[in-house]
Ligand SMILES: NC(=O)c1ccc[n+]([C@@H]2O[C@H](COP(=O)([O-])OP(=O)(O)OC[C@H]3O[C@@H](n4cnc5c(N)ncnc54)[C@H](OP(=O)(O)O)[C@@H]3O)[C@@H](O)[C@H]2O)c1
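In the working numbering, the protein residues as written are 6 to 311.
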């Protein structure tokens, strides 16, 4: 039985109509938080909110729809949240996708960079006034795959290479999430808002079910079908386990005040990969986010140069 340590707090989880995000939203609601469920589709978001209310023991579960890969969608989402809530205690930037081919958003941004890096950057900036009004707000960003490879300055948007023998742009963008979050944590220091990264561990989710084999690095492809079709359904279906690190970073008293930290799937603090710590990499990723979001973020004090 979860404790009620989140009573009176408001938490927004993106991509919470299914998979790990939905279990994260449920975990936070069970701890007493008012939760904002966000998915692509209104009907699915309402359905997920209804489901979560059933297990949370309270009715404070809201449903919103937005495509977080688009700057317009992020802006609309932030306005709707600001219209309904005065403060925000938790923002979990959970949306993720593993695409086999390079695709662009309506803004012309590579889609996985948009989902994993630009969306957390932009949504945090847009919701900062609400986060700063909370006594100790927490931003939680998710890494995944095998993060920690090099951050390629001439390939931030997957324009030079996308999938190779060991390289995938999915892993590349998840390493960039880490670099961006480290810089964000530094910029937020003193504001009362913390920013951390969690690794959720593998879960058999809609994302995994729909990931084609060619989205994996070439070396991994021979064993990928076994993992996706046999191991994952048999051993990775308990998504409360996959949501544990997000729920921990968002709500546990232990990491209260901790910022710029990286927690693994067992909620243990882990060292950052060298590529995420590299100031030149952080600056490259941060500056690109600043440039891409320039038309959307005019007024916030955090953006600055890398
Ligand atoms: N699953 C794993 O094994 C694993 C391992 C490591 C890290 N991760 C990371 O954990 C996070 C969650 O992964 P998951 O496997 O639970 O993903 P998932 O199953 O694909 O999650 C689905 C959720 O994301 C929403 N969504 C998808 N695209 C969206 C968009 N453009 N805008 C708004 N919402 C969108 C979906 O909404 P609709 O239902 O409306 O489509 C749904 O709520 C990701 O960041 C992923 O990279 C996952």
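Don't be surprised by glycine CBs; every beta carbon is placed ideally from N, CA and C.
Same chain, Cβ closer than 8 Å to residue i, five either side skipped, listed in chain order
{"i": "residue 210", "result": "23, 24, 25, 244, 247"}
{"i": "residue 169", "result": "222, 223"}
{"i": "residue 229", "result": "218, 221"}
{"i": "residue 201", "result": "143, 144, 145, 146, 186, 190, 254, 260, 263, 264, 265, 266, 267, 268"}
Simplified DSSP state of residue i, which is helix, strand or coil
{"i": "residue 208", "result": "coil"}
{"i": "residue 23", "result": "coil"}
{"i": "residue 203", "result": "strand"}
{"i": "residue 157", "result": "coil"}
{"i": "residue 146", "result": "strand"}
{"i": "residue 103", "result": "coil"}
{"i": "residue 115", "result": "strand"}
{"i": "residue 264", "result": "coil"}
{"i": "residue 197", "result": "coil"}
{"i": "residue 36", "result": "coil"}
{"i": "residue 246", "result": "helix"}
{"i": "residue 135", "result": "helix"}
{"i": "residue 182", "result": "helix"}
{"i": "residue 16", "result": "strand"}
{"i": "residue 173", "result": "strand"}
{"i": "residue 294", "result": "helix"}
{"i": "residue 302", "result": "coil"}
{"i": "residue 109", "result": "strand"}
{"i": "residue 228", "result": "coil"}
{"i": "residue 165", "result": "coil"}
{"i": "residue 96", "result": "strand"}
{"i": "residue 274", "result": "strand"}
{"i": "residue 41", "result": "strand"}
{"i": "residue 216", "result": "coil"}
{"i": "residue 282", "result": "helix"}
{"i": "residue 253", "result": "helix"}
{"i": "residue 125", "result": "helix"}
{"i": "residue 240", "result": "helix"}
{"i": "residue 189", "result": "helix"}
{"i": "residue 6", "result": "In this prediction, residue 6 has a pLDDT of 41, which is less than 50 and means its spatial position is unreliable; nothing more can be read from the coordinates."}
Environment of residue i [buried if 16+ CB atoms lie within 10 Å]
{"i": "residue 276", "result": "exposed"}
{"i": "residue 240", "result": "exposed"}
{"i": "residue 14", "result": "buried"}
{"i": "residue 317", "result": "The structure shown does not extend to residue 317, since the chain is modelled only from 6 through 311, so no value can be given for it."}
{"i": "residue 158", "result": "exposed"}
{"i": "residue 218", "result": "exposed"}
{"i": "residue 242", "result": "exposed"}
{"i": "residue 274", "result": "exposed"}
{"i": "residue 208", "result": "buried"}
{"i": "residue 47", "result": "exposed"}
{"i": "residue 94", "result": "buried"}
{"i": "residue 180", "result": "buried"}
{"i": "residue 251", "result": "buried"}
{"i": "residue 262", "result": "exposed"}
{"i": "residue 59", "result": "exposed"}
{"i": "residue 83", "result": "buried"}
{"i": "residue 236", "result": "exposed"}
{"i": "residue 182", "result": "buried"}
{"i": "residue 20", "result": "buried"}
{"i": "residue 4", "result": "Residue 4 is absent from the structure shown; the chain starts at 6 and stops at 311."}
{"i": "residue 161", "result": "buried"}
Contacts around residue i, its chain only, beta-carbon distance under 7 Å, and the 5 residues preceding and following it disregarded
{"i": "residue 78", "result": "71, 72"}
{"i": "residue 198", "result": "136, 137, 142, 144"}
{"i": "residue 11", "result": "33, 36, 37, 38, 256"}
{"i": "residue 178", "result": "117, 118, 121, 122"}
{"i": "residue 6", "result": "For residue 6, the pLDDT reaches just 41, beneath the cut-off of 50, and the residue's location in the model is therefore unreliable, although a value from the coordinates is still provided. Excluding residues within five positions, none has a Cβ falling inside 7 Å."}
{"i": "residue 272", "result": "249, 250, 253"}
{"i": "residue 294", "result": "122, 123, 126, 185"}
Cβ neighbours of residue i in the same chain (closer than 6 Å, five flanking residues each side left out)
{"i": "residue 34", "result": "40, 57, 61, 66"}
{"i": "residue 76", "result": "112, 301"}
{"i": "residue 18", "result": "26, 29, 30, 97, 99"}
{"i": "residue 173", "result": "222"}
{"i": "residue 163", "result": "107, 115, 174"}
{"i": "residue 74", "result": "110, 116, 119, 120"}
{"i": "residue 204", "result": "148, 269, 270"}
{"i": "residue 298", "result": "127"}
C-beta neighbour in chain B for residue i, strict 7 Å
{"i": "residue 114", "result": "Judged by its chain identifiers, the structure shown contains no chain B, having just a single protein chain."}
Query raised in the report: Do the segment 275-289 and the segment 180-187 make contact, defined as three or more Cβ pairs closer than 8 Å?
Result: yes
Requested in this report: Say whether the segment 140-151 touches the segment 99-114, bearing in mind that this needs 3 or more beta-carbon pairs closer than 8 Å, one atom from each stretch.
Outcome: Touching, yes.
Query - Cβ contact check for the segment 48-63 and the segment 78-95: 3 or more pairs under 8 Å - result: no
Query raised in the report: What are the start and end residues of each continuous alpha helix (DSSP H) run of 4 or more residues lying completely inside the segment 46-78, in chain order?
Result: 47-61
Report task. Decide yes or no for the touch test of the segment 215-234 against the segment 261-270: beta carbon pairs closer than 8 Å, at least 3 of them. Result -> no
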